[in-house]
Amino acid sequence: MAENGGFAALSRQPPNTHSSVLKYFLQSQKLNRLPTGAAPAQAGPSDSERRIKGTSVKTPTTPQPNSDSSGRPRVTRLTPPGRGAVATLLLSGPAAADVVDRVFHARRGRRLAESPNDRLIVGHLGDAAKTAEQIVARRVSDDELMLHCHGGTAAVARIESLLVEQGAVVTDWRSWAATAHNDRLQAEALVALAEATTEKTATVLLDQYQGALRAELDQIEAALAAGRHDAAATQLEQLLAWAPFGLHLTEPWRVVLAGPPNAGKSSLINALVGYPRAIVHATAGTTRDVLTAAAAVEGWPVELIDTAGLGEGRHPVEKEGIRRARKELSTADLVLFVCDSSRPFTEQDESLLAGAAGVSPVLVIHNKSDLPSAPDNRPEGLPASALTGLGVAELLHAIGERLVPDEPPPGQAVPWTRRQIDHLSAAQAALAQGNLAKVAGWLKQLVEVIREFKA
Ligand SMILES: Nc1nc2c(ncn2[C@@H]2O[C@H](COP(=O)(O)OP(=O)(O)OP(=O)(O)O)[C@@H](O)[C@H]2O)c(=O)[nH]1
Ligand SMILES: [Mg+2]
C-alpha cells in the first residue's frame, strides 16, 4: 500500500460517468437534503476537489468493471424497496446496452447501444402484445445503463426477470456499492451515506467518501515509511479519538429518560419530540414498558427512550418495567435524570441518581419548574417544565453539547465502522510493540478492495 493507487487511478476516469449514478443513488436512498456545498460527487475535477487537512484530494469517481465474476452484467435496484411512483434500476457490465436492446422497444426505434450518453429514451421492455413495462432508459456510459420504470414491486420484478432471461444477474445495492469502487473505504462511505439520517452526519460521511480517512491513512503510512514512528502513533491516537463519534454516524445516540415515578419523564419526552408519543397520567407508575422516539438533536440523530419510574414497584408488571429501565440505563450514551422540582429531593432520589451516574453520563433535569420549588439541597441540573415548554430549548442544546462536545472540522478524518476501528486499534497496538510489518498488514486490510459487501 505504498502508493496511493486508488485515488490516482480514479482521478483519471472520464468525468460524468459514475458520478451521475452515484448522485441518483444517494438521492434515491433518501439522502436528498445534503447541505449547500456538500453535494455528492460532481462531474469535473474542479468541483470535486475538496481541501482535506491541507491535502487536495480529488473525489474518486468511476469504479472498476461492474459485471459479476462470470462477466455477466448486473442489474441493481437503486431505489429503496417497496412501492413508489418510480423505481430505478442500474444495469452495469460489458455490453449492458446490448442486453437491454434484446427486449427493449424504443418509441422511435432507436437502439440503446447506439444512443449517445445521457439521452432519455422512452419505450417498453418485453412483448407489447403481452404485458410490456413502460420505461425511460438512459445510457450512462458504455457499460452502464439506467432504467426508470413504474415503482410497483411487480413491475420491478418483471423487468429484473426479463433482464435475467437475457443473461443479467440481480445484485443488491450494497454489493453493487462494495464492488463498484476501487477504494473500500469509499464503498463503505457510500453505504453509510445512503443510510445517514441527518445532514450533519451526511456531511461528515461525505468527507470520508471524498477521501478524508484515506488521506489520513496515507499520511500515517508516509510517517512510518520515513521512520517517524512517534508521529504515526500520535496520528493513530488522534484518529481513534473520533471512533466513538464515528460509530454514531450510522447509529443514533441513545438518550434515556429515567428517574422517580411521576416526575414527568413521559411529559418531557413528548415536549422534546413535539408530539404526544407517550401516555402521561397523574398516577405514579403510568409508564411500564420501554418506549422510544427518533429525533434529531442539534442535527445529530438521537433515540430518546422513556422508561418506567425507578423505585420499588409493587405489581409484577411494574417490577419488570423497572428492570427494563435499569437495563436501558447501562447502555445509554446519556441519561436525563428527571426529578420533580416541586417535591423535596429525597435520599432515595439521591441513591437512584448515584446508581445511574455509576453506569452512564447523567444530566439532571429539575422538571415542573412552573410550580413553586421545594426548598432543599438539589443536585446541579437544568430547570425545565414539560408542561409550559420552559427550558426545553436549553435542554435540547445541552443534550447536543453533551453528546458531541467537539464537532469535527470540515474534512476531518473519522473512522465510522467497527471494522475500521478494530483495524486501527490493532495497528496502534502493533506499533506500540514495534512490529511494523503487522502495522502495515492492518492498514492494508483496512483499505483492501472487496468483492462482497459485509456490514
Ligand atoms: N405542573 C407540571 N406538571 C407536570 C409537568 N410534567 C409532568 N407533569 C404532570 O405530572 C404527572 C406525571 O407526568 P408523567 O409525564 O406521566 O410522569 P412520568 O415520570 O412519566 O411518570 P411514570 O411513568 O408514572 O413514572 C402528570 O399529571 C403530568 O401532567 C410539568 O412540567 N409541570
Ligand atoms: Mg411515564
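For the sequence shown, our numbering begins at 622 and goes up steadily by one. Note that CB positions come from ideal geometry on N, CA and C, so glycine has one too.
Rounded Cβ spacing between residue i and residue j (contact assumed at less than 8 Å)
| i | j | result |
| --- | --- | --- |
| residue 714 | residue 693 | 7 Å |
| residue 1035 | residue 812 | Between residue 812 and residue 1035 the Cβ distance is about 15 Å, and since that is not below 8 Å, they are no contact. |
| residue 1003 | residue 1016 | 6 Å |
| residue 805 | residue 1069 | 6 Å |
| residue 781 | residue 696 | 6 Å |
| residue 977 | residue 889 | In fact, because the Cβ distance is near 15 Å, the residues do not count as touching under 8 Å. |
| residue 820 | residue 871 | About 15 Å; that fails the 8 Å criterion. |
Run of the alpha helix (DSSP H) containing residue i, from where it starts to where it stops
| i | result |
| --- | --- |
| residue 865 | 864 to 868 |
| residue 900 | Segment: none, residue 900 is in no alpha helix (DSSP H) and carries neither H nor E. |
| residue 818 | It is not in any alpha helix (DSSP H) - residue 818 carries neither H nor E in the DSSP assignment. |
| residue 1038 | Residue 1038 -> no alpha helix (DSSP H), and no H or E assigned at all. |
Contact test: residue i Cβ vs ligand 1 heavy atom, cutoff 7 Å
| i | result |
| --- | --- |
| residue 959 | yes |
| residue 803 | no |
| residue 998 | no |
| residue 907 | yes |
| residue 989 | yes |
| residue 885 | yes |
| residue 1004 | no |
| residue 895 | no |
| residue 902 | yes |
| residue 616 | In the structure displayed, the chain extends from 622 to 1076; residue 616 sits before or after that span and is not available. |
Contact test: residue i Cβ vs ligand 2 heavy atom, cutoff 7 Å
| i | result |
| --- | --- |
| residue 799 | no |
| residue 899 | yes |
| residue 910 | no |
| residue 927 | yes |
| residue 963 | no |
Limits of the unbroken beta strand (DSSP E) element including residue i
| i | result |
| --- | --- |
| residue 988 | 983 to 988 |
| residue 762 | 754 to 762 |
| residue 921 | 921 to 927 |
| residue 904 | Segment: none, residue 904 is in no beta strand (DSSP E) and carries neither H nor E. |
| residue 999 | No beta strand (DSSP E) contains residue 999, which DSSP labels as neither H nor E. |
| residue 961 | 955 to 961 |
| residue 917 | 912 to 918 |
Rounded straight-line distance, which links the Cα of residue j to that of residue i
| i | j | result |
| --- | --- | --- |
| residue 928 | residue 945 | 8 Å |
| residue 666 | residue 712 | Model confidence at residue 666 stands at a pLDDT of 30, short of 50, so the residue's coordinates are unreliable; what they give is reported in the following sentence. Distance between the alpha carbons of residue 666 and residue 712: 26 Å. |
| residue 739 | residue 800 | 23 Å |
| residue 728 | residue 777 | 20 Å |
| residue 686 | residue 1020 | Model confidence at residue 686 stands at a pLDDT of 43, short of 50, so the residue's coordinates are unreliable; what they give is reported in the following sentence. The alpha-carbon atoms of residue 686 and residue 1020 are separated by roughly 46 Å. |
| residue 745 | residue 734 | 16 Å |
| residue 1056 | residue 790 | 44 Å |
| residue 844 | residue 1038 | 24 Å |
| residue 684 | residue 970 | Residue confidence for residue 684 is low, a pLDDT of 42 falling below 50, so the modelled location carries little weight and cannot support an answer. |
| residue 1064 | residue 814 | 23 Å |
| residue 1066 | residue 1044 | 8 Å |
| residue 874 | residue 981 | 13 Å |
| residue 867 | residue 765 | 33 Å |
| residue 999 | residue 964 | 10 Å |
| residue 719 | residue 706 | 27 Å |
| residue 716 | residue 723 | 11 Å |
| residue 761 | residue 984 | 53 Å |
Any non-hydrogen atom of ligand 4 within 7 Å of residue i CB
| i | result |
| --- | --- |
| residue 967 | Only ligand 1 and ligand 2 can be found as ligands here, which leaves ligand 4 out of the picture. |
How about the region 1022 to 1029 and the region 956 to 974: do they share at least three Cβ pairs that are nearer than 8 Å? no
Count Cβ pairs between the region 855 to 874 and the region 824 to 838 that sit closer than 8 Å; are there 3 or more? yes
Quick check: the region 870 to 888 against the region 847 to 857, are at least 3 beta-carbon pairs closer than 8 Å? no
For the structure I just gave you, are there three or more beta carbon pairs, one from the region 916 to 927 and one from the region 890 to 905, closer than 8 Å? yes
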